[in-house]
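Notes for the one structure printed next.
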Amino acid sequence: MDDPLHWKKLFTLGPAQRDHRAALRASCGVFLPLLVLLSLDRIDLALFAVFAAFTNIYGRGPSFALRWRAQLRGGGLMWLVMVAAVATQAFLEAGTEAGRWAVIGVTTLISGTCALAVGWLRIRPAGSLFHIFAFAAIATLPASINPVEALTTATATFLLGLGIGQFGRWWQRPAHRERAVAQPKPFAQAMAPGEWRALWGQALGHLVAAGLAGAIAQILQPALGLEHTYWAMVAAVVPLVGHTTRDAVARGIHRVLGTAVGLVVMALVIWAEPPLWALVLIIGLFQFGTEMLVIRNYFWAQVCITPLALIGVSLSRDPTAGLLYDRIVETVIGAVIGIVVVLISSRRVRSALGW
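Under full-length UniProt numbering, the residue at position 194 of the sequence shown is numbered 194, and the numbers go up by one with no gaps.
Structure below.
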């Protein structure tokens, strides 16, 4: 049952890798900032805390030193993307037809640029999915934002993530501490010419997949009534980080099926109409579930990711059933585009990078 497209792979969990530790850090990293914003009655800034908390997703390093470097790279790049989104949000005018196309164009550039940066810095998880999501979600905010407040929230959450990643470092046994800080690595390791060619190919794939998905979703927007076309762009790059072509296709399929099941969970959340404090708690729980499952089975992880993402982007306003429709339609559009790009692109690109 090594074939990633075998139906049993949809339900099979891979081996555990002390996932509960990374899951707890990631859960605390998003729950605590949201709790602070809730207590300050500034839940309107929640989106910036949610995306800056992605810093914790990069904290799976086996030692404190490696975790610090990984979070500094991954979280730092995410912070820069948020700065770019805040800086351009007022100028893109996402509420207009021209503005929506402008958002798609700039987000497409973000997709390719960040895929290149992620590969060069050897950041894991690979790809530019998070960066597309963060940039487009902020750039399409309907109301003007205070850039100082937004970036203060993001910066504080980023620093908290770094701190959580190092929690417990200073009271280890001396021998363990020495092992934990060993094996220093350069910020960006040197790449062979073949690796650079493969990396540029990966970046081009992300740019093409995201751009096509965004354009097609926008063209279909009047007929289908879509309001979050960037979700198609997010889904389009999911297959591109598969280790093999079959694995990439499986990731696209698992994305769609996991989203469908996750939307059932989200529908139950909407039906229950939980208070704001409960939604914050639910975000923390779904973040924990995501990190427990994402390496072991992408389908089951997606069941948690879907309501996590939908609640996260709508926390400052009541989530509605319209979100469910948008999510599934745009996920299907994006996943299909991503799979097509994988099938027509060279397989050598991913194997040269070890992805």
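For glycine and all other residues, C-beta sits at the position ideal for the given N, C-alpha and C. Remember, it's a predicted structure, so these values are computed and weren't measured experimentally.
Practice item. Report the residue from 139, 331, 112, 224 whose alpha carbon sits nearest the alpha carbon of residue 203. Key: Nearest option by C-alpha distance: 112.
**Study point:** Minimum C-alpha distance to residue 99 - residue among 248, 218, 296
**Key:** Scanning 248, 218, 296 for the CA closest to the CA of residue 99 turns up 218.
Exercise for review: Can you grab the Cα-Cα spacing for the pair residue 176 / residue 63, in whole Å?
Suggested key: In this predicted model, residue 176 has a pLDDT of only 49, less than 50, meaning its place in the structure is not dependable enough to derive any value.
Exercise for review: Along the alpha helix (DSSP H) that carries residue 158, what are the first and last residues, could you check?
Suggested key: It spans 147-165 - the alpha helix (DSSP H) in which residue 158 sits, taken as one unbroken run.
Review point. Along the chain, which unbroken stretches of the alpha helix (DSSP H) at least 4 residues long are found entirely within the stretch 215-273?
Key: Within the stretch 215-273, complete alpha helix (DSSP H) segments of at least 4 residues are found at 230-236, 245-272, given in chain order.
Review point. Could you give the distance in angstroms between the alpha-carbon of residue 86 and the alpha-carbon of residue 8?
Key: Taking the straight line joining both Cα atoms gives about 43 Å.
Practice item. For the alpha helix (DSSP H) containing residue 87, list its first residue and its last residue. Key: The continuous alpha helix (DSSP H) containing residue 87 extends over residues 64-92.
Check your understanding: For residue 44, which residues of its own chain have a beta-carbon under 7 Å away from its beta-carbon, when the five flanking residues on both sides are left out?
Key -> Cβ contact annotation for residue 44 (same chain, cutoff 7 Å, sequence separation greater than five): 316, in chain order.
Practice item. Let me know the secondary structure DSSP gives residue 17 once reduced to three states. Key: The answer is coil: DSSP assigns residue 17 none of H, G, I, E or B.
Practice item. Would you mind reading off the limits of the alpha helix (DSSP H) that contains residue 299? Key: Going by DSSP, residue 299 is part of the alpha helix (DSSP H) stretching over 298-313.
Review point. Can you tell me the Cα-Cα spacing of residue 236 and residue 230, whole angstroms?
Key: Going from the Cα of residue 236 to the Cα of residue 230 covers about 10 Å.
Review point. Should residue 167 be labelled buried (16 or more other beta-carbon atoms within 10 Å of its own) or exposed?
Key: Taking a 10 Å sphere around the C-beta of residue 167, we find fewer than 16 other C-beta atoms and assign the residue as exposed.
**Study point:** Distance, residue 328 Cα to residue 157 Cα
**Key:** Cα to Cα, the separation comes out at about 30 Å.
Point to revise | Contact set for residue 254: own chain, Cβ-Cβ below 6 Å, skip 5 residues either direction | key: Apart from sequence neighbours up to five positions away, the residues of its chain that approach residue 254 with a beta-carbon distance below 6 Å are 298, 299, ordered along the chain.
Exercise for review: Answer yes if the stretch 265-272 comes into contact with the stretch 240-256, meaning at least three C-beta pairs across the two stretches below 8 Å, and no otherwise.
Suggested key: With contact defined as three or more Cβ pairs closer than 8 Å, the stretch 240-256 and the stretch 265-272 are not in contact.
Check your understanding: Given residue 26, which residues of its chain have a CB within under 8 Å of its CB, disregarding the five upstream and five downstream residues?
Key -> Excluding sequence positions up to five before and after residue 26, its CB lies within less than 8 Å of the CB of 53, 56, 57, 59, 287, 288, 290, 291, all in the same chain and listed in chain order.
Review point. If you run the structure through DSSP and keep just helix, strand and coil, what is residue 324?
Key: Three-state result, residue 324: helix.
Exercise for review: Compute the distance between the beta-carbons of residue 239 and residue 339, then report whether it is under 8 Å.
Suggested key: Yes, the pair counts as a contact, with Cβ atoms nearer than the cut-off.
Exercise for review: Grab me the residues of residue 46's own chain with a C-beta within less than 7 Å of its C-beta, minus the 5 sequence neighbours each way, in chain order.
Suggested key: Answer for residue 46: 34, 37, 315, 316, listed in chain order.
Review point. Who are the near neighbours of residue 211 in its chain, counting only those whose CB is closer than 6 Å to its CB and skipping five residues on each side?
Key: So the qualifying residues of the chain are 108.
Check your understanding: Measuring CB to CB, does residue 302 end up less than 8 Å from residue 259?
Key -> In this structure, residue 259 lies closer than 8 Å to residue 302 by Cβ.
Check your understanding: Rounded to whole angstroms, how far is the Cβ of residue 306 from the Cβ of residue 257, which I believe are closer than 8 Å?
Key -> Their Cβ separation, rounded to whole angstroms, is 11 Å, which puts residue 306 and residue 257 out of contact at 8 Å.
Check your understanding: Of the residues 32, 324, 245, which one's Cα is nearest the Cα of residue 5?
Key -> Nearest to residue 5 by C-alpha distance, out of 32, 324, 245, is 245.
**Study point:** Assigned exposure category for residue 69 - 16 Cβ within 10 Å defines buried
**Key:** Answer is buried; the Cβ neighbour count reaches 16.
Check your understanding: Helix, strand or coil: which one does DSSP assign to residue 29?
Key -> It is helical.
**Study point:** Given residue 281 as reference, the closest of 293, 311, 194 once Cα atoms are compared
**Key:** When each option's Cα is compared against that of residue 281, the closest is 311.
Check your understanding: Should residue 150 be labelled buried (16 or more other beta-carbon atoms within 10 Å of its own) or exposed?
Key -> Buried, because 16 or more other Cβ atoms sit within 10 Å of the Cβ of residue 150.
**Study point:** Under the three-state DSSP convention, the category residue 128 falls into
**Key:** If DSSP states are grouped into helix, strand and coil, residue 128 belongs with coil.
Exercise for review: Could you work out which residue in 88, 152, 194, 206 is closest to residue 337 when comparing CA atoms only?
Suggested key: Minimum Cα distance to residue 337 is reached at 206.
Practice item. Please state whether DSSP places residue 317 in a helix, a strand or coil. Key: In this structure, residue 317 counts as coil in the three-state DSSP scheme.
Point to revise | Continuous alpha helix (DSSP H) stretch holding residue 48: start and end | key: The continuous alpha helix (DSSP H) containing residue 48 extends over residues 46-52.
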